[in-house]
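Read top to bottom, the protein sequences are chains A and B.
Position 38 of the first sequence, counted from 1, bears residue number 38 in full-length UniProt numbering, the numbering being contiguous throughout.
Position 190 of the second sequence, counted from 1, bears residue number 190 in full-length UniProt numbering, the numbering being contiguous throughout.
See below for the structure under consideration.
There are 2 protein chains.
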Amino acid sequence: MATQRLTLDNIRPEVRDAQYAVRGELAMKAEEFRERLEKGDKSLPFDNIIFANIGNPQQLGQKPITFFRQVLSILEYPQLLENEEALKASFGYKQDVIDRARTLLKGVQTIGAYSHSQGAPALRESVAKFIERRDGFPADAKNIFLTGGASSGVNTMLNVICENKSTGVLVPIPQYPLYTATLALMNAHCVPYYLEEGKAWGTNVNTIRESVATAKRQGIDVRAIVVINPGNPTGASLSPDDVKNVLDLAVEERLVVIADEVYQTNVFIGEFTSFKKRLRQLQKETPGKYDNIELVSLHSVSKGMVGECGHRGGYFELVNFHPDVQAQIYKFISIMLCPSVIGQCLVELMVNPPKKGEPSYELYDEEYNGIKNGLKQRATALYDAFRKMEGVECQDPQGAMYLFPTITLPPKALLAAESAGKKPDEFYSLALLDATGICVVPGSGFGQKEGTLHFRTTFLAPGTEWVQRITKFHAEFMNKYR
Amino acid sequence: MATQRLTLDNIRPEVRDAQYAVRGELAMKAEEFRERLEKGDKSLPFDNIIFANIGNPQQLGQKPITFFRQVLSILEYPQLLENEEALKASFGYKQDVIDRARTLLKGVQTIGAYSHSQGAPALRESVAKFIERRDGFPADAKNIFLTGGASSGVNTMLNVICENKSTGVLVPIPQYPLYTATLALMNAHCVPYYLEEGKAWGTNVNTIRESVATAKRQGIDVRAIVVINPGNPTGASLSPDDVKNVLDLAVEERLVVIADEVYQTNVFIGEFTSFKKRLRQLQKETPGKYDNIELVSLHSVSKGMVGECGHRGGYFELVNFHPDVQAQIYKFISIMLCPSVIGQCLVELMVNPPKKGEPSYELYDEEYNGIKNGLKQRATALYDAFRKMEGVECQDPQGAMYLFPTITLPPKALLAAESAGKKPDEFYSLALLDATGICVVPGSGFGQKEGTLHFRTTFLAPGTEWVQRITKFHAEFMNKYR
């Protein structure tokens, strides 16, 4: 009998009921395997673990961009600037590294002090300029909020948006489970809308409209829509028309648009279109119609070719929020004082990298494109492998860091899963981990249509040897349960 | 008329109703003054701003500890290790800096990757060893959670503890407003207990007992108590007996103890006693009696002689939590993935600084004690000045970074405040800022007994010239309203 004051029965029910699968049972088992291998255990049928379950590029060996890290090293120890010659001669720092470090130090004074809760003003100015270059429309530093990764920005926005238990927020299914988990913490409704797997996981506004109608009939006050573009876990990338359709719907249904654009540079097919840009274009084309839309768009240093997850940097931009509401958002974030200042500086570096002609440009460009091409190659290799596997279907890899194939399992495998007390996709993923050391996330962690099965895998791990491990496992699994 | 979907009337009421004064009107006005001075404005009666409103040491010129920052610079750019000789010869890095950087890199692999959500295991091991050395009792890394500053730890714990709107948490008054703000966000009750100003802001358990009884009569489920030791804003430091009294009360009333110990090294009089140590001592002395107490104790890199607020590092240790509840705490923090990894590394450096005989020890010791002595000197200078001011009373400076004097204002000043629509302590603090450029926080931001007036000032600003500015202002203010 528990003697503690706090038990599972009396803690906050919203916390207890929130689901978060990305770091669940499979991830823990993979971590145990890793520790066993590290201690010299030879009894496992593989000699390394491939953490394909989270978008954590540097864990899998992606190298940080040199320019970024050189600047950050100076910010940590500004006395390095007292001997510029040695920095250059002994460590290859270029003049633009030194100049940028000086500029950032001037902007933040020191990375050891709390900054403005919204982020240091000089850094927010730089983010605003980036958005202007990207979109061709003005941006204002006072509407930029630097954050500890995009997750913290999502948390802030849902805290403000979710009025009470009648509030509903539209969330794509499959989705990144941060959204459902945070809505559960807020005791608000996740109003699901299904993405169209047959159309490369596209966003169908008619489906969304039906979801809104159903929710309204249940008395739910649907007031916001989450769009993840490029998609996680699907990898889908929205066309300018797709974005317009969502904005039209937002006008029609009076929805705040939450655009999760953390994969904006991970686009392999076509071009990224930001919601902000499309909104401004439409406002110009059809004056008045779109002026009531509130948009928040999120970005992060964790993804893209930056891949600096551990630095916890990101930002969101607010468009057309009521000043009173914006003041409340500011108050809310100020309770946590400020995001990591070195993380804030990395956001600045991400949005303002070396330009052509500057001393660090050549290396930056080489590293950036090296990572980008590597991702594309591995995405393609993995996609090709999935296409050849029995009972596996996979949509074109368009963007982000993930593939999300469908798997059709033989009836005997479904029975075996049932008798093991597992969902079939969990059962498959656990078997994959046990046989190959490759850790993926079952589709049920993201949501999937009733009766369908998927898993999400990143394509971050170097090389393509591990792709063959999956192919081999899959064939054996299918044969076993045929 | 607002056309936005979100207005002050339909956002989350818990967010709207939360109060957070530390970064409120006064701080914004001080920031405006700073900007005016920076732009060359000569019309103000002072030529710099003293931000005595927040405990932000490096903003006020406190220098970072060299050893910490040298190690962090290597973590940001590990290629520095490829030329150890140049690091030593050109930049004065010692061998132990290099060794520590290698150890930390081995522990986290790279600071650019997400770590374990609870913090990298190797770093938590080091924190556990620190707690063992400090207290003389075992600590276990699996009960340590690294956090993005102590604020984030408090947020986590209150999210789990606050079951519903009947939940009450005992909070000292005056208090750091993080507690009242977070309880407001949770829609739970802040159950205030007043500290005894006449006894150096001591903690009186009889007062607490009365607060519990009153709350219970109102149907409140009082289940936890916050103790800030050393105190913020009061600077009070609890004796071993004081700590025992709180623990006895926790047994009696079945309270989870939340020990905010972020100022544990800022103690000028007597010695710091951790709640964990005292609990373990009492468990040894009186077997059985204290075994049902759950304790969470919090620490941070932001305070002490470290003063690295911008790095957002901290930890909490859980003692005797039910494993099911601890698993829920883990799930909750995993939604935000992990705290800043460079911040985690700084926590390790804080708890495991250079030891006597190691190459960096001498400089570390000199820097550490230089900061400590400077704080003590300024605390004393400020205290002496307050003692001489008309209508001002101030308790001995025992610890933390703050003094919290009482001010008794003439009736004419109270009338002037009323006609300005301000609380009297706000009115006084605004007048102080306007006249001297010194920004403090009115006592009403922390809570104070009805009819009493205070303000909180840090003693972080270098020199003591600014203390005379306060003395001069105060005399003029009193004369004006006599």
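Glycine is no exception: its CB is placed at the ideal position from the N, C-alpha and C atoms.
Is the separation between the beta-carbon of A/I335 and that of B/V160 shorter than 7 Å? No, the Cβ-Cβ distance between A/I335 and B/V160 is not below 7 Å.
Taking only the alpha-carbon atoms, compute the straight-line gap between A/P411 and B/F316 and give it to the nearest angstrom. Roughly 48 Å between the two C-alpha positions.
Check the C-beta distance from B/Q58 over to B/F51 and give it rounded, since I have them as a contact under 8 Å. No, B/Q58 and B/F51 are not in contact; Cβ-Cβ is about 11 Å, not under 8 Å.
B/P462 lies in the beta strand (DSSP E); which residues open and close that run? DSSP places B/P462 outside any beta strand (DSSP E), giving it a letter other than H or E.
Buried or exposed for B/R278, going by 16 or more other Cβ atoms inside 10 Å? Within a 10 Å sphere around the beta-carbon of B/R278 sit 16 or more other beta-carbons, which makes this residue buried.
Alpha carbon to alpha carbon, how far is B/R223 from B/V296? B/R223 and B/V296 have their alpha carbons spaced roughly 13 Å apart.
For the region 148-210 of chain A, list the alpha helix (DSSP H) runs that are entirely contained and at least 4 residues long, ordered along the chain. Segments of the alpha helix (DSSP H) lying fully in the region 148-210 of chain A: 149-161, 178-185.
Within 10 angstroms of its Cβ, does A/D242 collect 16 or more other Cβ (buried), or is it exposed? Around the C-beta of A/D242, 16 or more other C-beta atoms lie within 10 Å, and the residue is accordingly described as buried.
So the alpha helix (DSSP H) B/S340 belongs to, where does it begin and stop? Element bounds for B/S340: n/a, residue is neither H nor E.
Expressed to the nearest angstrom, what Euclidean distance is found between the alpha-carbon atoms of A/K165 and A/F446? Cα to Cα, A/K165 sits roughly 22 Å from A/F446.
DSSP three-state label for B/G370, please. Under the three-state reduction of DSSP output, B/G370 falls in the helix class.
Can you list, in chain order, the residues of the region 324-352 of chain B whose Cβ is nearer than 8 Å to any Cβ on chain A? Listed by position, the residues of the region 324-352 of chain B near chain A (Cβ gap below 8 Å) are D324, V325, Q328, K331, F332, S334, I335, M336, L337, C338, P339, S340, V341, I342, G343.
Spatial neighbours of B/G219 within its chain, please: C-beta separation below 7 Å, excluding the five flanking residues on both sides. Excluding sequence neighbours, B/G219 sits near S166.
Residue-chain proximity (A/Q118, chain B), Cβ-Cβ < 7 Å: For A/Q118, not one C-beta of chain B is nearer than 7 Å to its own C-beta.
Short-range partners of chain A found in the region 62-77 of chain B, where Cβ spacing is below 7 Å: Per Cβ criterion, the list reads P64, R69, Q70, L72, S73, E76, Y77.
Who are the Cβ neighbours of A/G112 in its own chain at under 8 Å, not counting the five residues just before and after it? Within the same chain, A/G112 has close Cβ partners V341.
With a threshold of 7 Å on Cβ separation, who are the neighbours of A/A2 within its own chain once the five nearest residues in sequence on each side are excluded? No answer about A/A2 holds up, because its pLDDT of 47 lies below 50 and its placement is not dependable.
Indicate the three-state DSSP secondary structure (helix, strand or coil) for A/P442 in the structure shown. Residue state for A/P442 is assigned as strand, using DSSP reduced to three classes.
Could you tell me whether the Cβ atoms of A/G399 and A/N266 are closer together than 7 Å? In this structure, A/N266 lies closer than 7 Å to A/G399 by Cβ.
Check whether the Cβ atoms of B/E367 and A/R5 lie closer than 7 Å to each other. Contact: no.
CB contact check: A/A2 to chain B, cutoff 7 Å: Residue confidence is low: A/A2 scores 47 on pLDDT, short of 50, so the model does not pin down where it sits. No coordinate-derived value is stated.
Say whether chain B places a C-beta atom closer than 7 Å to the C-beta of A/I50. Chain B, which has no Cβ nearer than 7 Å to the Cβ of A/I50, makes this no.
Shorter than 7 Å from the beta carbon of B/C162 to some beta carbon of chain A? At least one chain A Cβ lies under 7 Å of B/C162.
Based on the DSSP secondary-structure assignment, which residues constitute the bridge partners of B/E393? According to DSSP, B/E393 bridges with B/T406.
Look at the Cβ atom of B/P405, then the Cβ atom of B/A379, and state whether they are nearer than 7 Å. Contact check for B/P405 against B/A379 fails: the beta carbons are separated by 7 Å or more.
Would you verify that the beta carbon of residue 489 of chain B is, or is not, closer than 7 Å to some beta carbon of chain A? Because residue 489 of chain B is not part of the residues shown, which for chain B are 1 to 482, the question remains open.
Could you tell me which chain B residues have their CB closer than 9 Å to the CB of A/F91, listed as they occur along the chain? The contacting residues are Y77, Q79, L80, E82, N83, A86, L87.
How would you list, in chain order, the residues of chain D whose beta-carbon sits under 8 Å from the beta-carbon of B/I54? Absent from the structure: chain D. Protein chains present are A and B.
B/A413 versus B/S444 - alpha carbon distance: So the two alpha carbons sit approximately 17 Å from each other.
May I ask you to list, following chain order, the residues of the region 255-271 of chain A that have a beta carbon less than 8 Å from some beta carbon of chain B? So the list reads L255, V256, given in the order they occur along the chain.
From A/K472 to B/G107, what distance separates their C-alpha atoms? Their Cα atoms are separated by approximately 34 Å.
Neighbour list for A/G149 in chain B, Cβ cutoff strictly below 8 Å: What A/G149 touches in chain B: M336, L337.
Looking only at its chain, what residues have a beta carbon closer than 7 Å to the beta carbon of B/K376, apart from the 5 residues adjacent to it on each side? Sequence-distant partners of B/K376 (beyond 5 residues in either direction) whose C-beta falls short of 7 Å from its own C-beta, in its chain, are F268.
Give, in chain order, every unbroken run of the beta strand (DSSP E) that is at least 3 residues long and sits entirely within the region 76-147 of chain A. Taken in chain order, the complete beta strand (DSSP E) segments of 3 residues or longer contained in the region 76-147 of chain A are 144-147.
Look at the alpha carbon of B/D260 and the alpha carbon of A/V392, and state the distance between them as a whole number of angstroms. Between the C-alpha atoms of B/D260 and A/V392 there is a straight-line separation of about 53 Å.
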